[in-house]
Amino acid sequence: MATLSPGFADPVLAAQATFRGVMDAVARPCTVVPLIDTPAAPPPLCAAAAAIALTLFDHDAPVWLDPPLAQVSDVAAWIRFHTGAPIVTEPAVAAFALVSDPAGLRPFRDFAAGTLENPDTSATLILQVTTLEDGPALDFIGPGVAGRATLRAAPLPNGFAEQIIANRALFPRGVDLLFATRGSVAALPRSATLVGEV
1 MATLSPGFAD
11 PVLAAQATFR
21 GVMDAVARPC
31 TVVPLIDTPA
41 APPPLCAAAA
51 AIALTLFDHD
61 APVWLDPPLA
71 QVSDVAAWIR
81 FHTGAPIVTE
91 PAVAAFALVS
101 DPAGLRPFRD
111 FAAGTLENPD
121 TSATLILQVT
131 TLEDGPALDF
141 IGPGVAGRAT
151 LRAAPLPNGF
161 AEQIIANRAL
171 FPRGVDLLFA
181 TRGSVAALPR
191 SATLVGEV
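Those letters in the sequence shown? Residues 1 to 198, by full-length UniProt numbering.
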């Protein structure tokens, strides 16, 4: 195994800034929010997803890696070393999923959706995308949205629109999505409702 790349240069300040960025994205669905400080990370883990991992993961939050990430031992080692998070092979028990190939992602139903009593036990899926500006336009309404908000992430999981509709029907259960690319993040919480043609 190669020498592990470092985490944040200033762990406390960078984690605080990243946390604020992620929370801002969640509060304003589909809005692209810049992440001020992103670390070096073992490929194919991108810097923005790595920053989110360093900020949100801990020893109580099991993490599932999609096959392209799981095949690179340095990725799991980097996550364990910097966050203490356990790596799991079953998506249903993961608090977080890191996804480098959204088009090949397993169905949302394979991940924890929480329960009516504890909807906060659902999974957050962190999808690495190539763009948050040039993908197909999908409009959403819901909390935090003034009028409509447009998501333009790509690539997206297969059957994305249908899966989002099914996920919304589970509310207050359901997974939450974060999209990470080139130092930016956007969010699609389970409360967002897809509108228009699908």
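C-beta atoms are modelled at their ideal positions from N, C-alpha and C, and glycine is treated no differently. No experiment lies behind these values; they were computed from the predicted model shown.
CA-CA distance, Pro42 to Gly144, rounds to 34 Å. A buried status is given to Phe160, since no fewer than 16 other beta-carbon atoms sit within 10 Å of its beta-carbon.
With 16 or more other Cβ atoms inside 10 Å of its own Cβ, His82 counts as buried. For the segment 127–184, the continuous alpha helix (DSSP H) assignments of 4+ residues that do not extend past its boundaries occur at 160–169, in sequence order. DSSP places Phe96 inside the beta strand (DSSP E), whose first and last residues are 96–99. By the CB criterion at 8 Å, Pro67 and Val88 fall outside the cutoff.
Boundaries of the beta strand (DSSP E) around Val195: 193–195. Annotation: the continuous beta strand (DSSP E) that includes Val63 extends over 63–65. The alpha carbon of Phe111 has as its nearest neighbour, out of Ala92, Leu125, Ala27, the alpha carbon of Ala92.
Check the Cα spacing between Ala14 and each of Leu45, Ala51, Cys30, Leu194: the tightest is with Ala51. Secondary structure within the segment 19–53: not one fully enclosed alpha helix (DSSP H) run of 4 or more consecutive residues is present. Thr115 carries a coil assignment under DSSP once its states are collapsed to helix, strand and coil.
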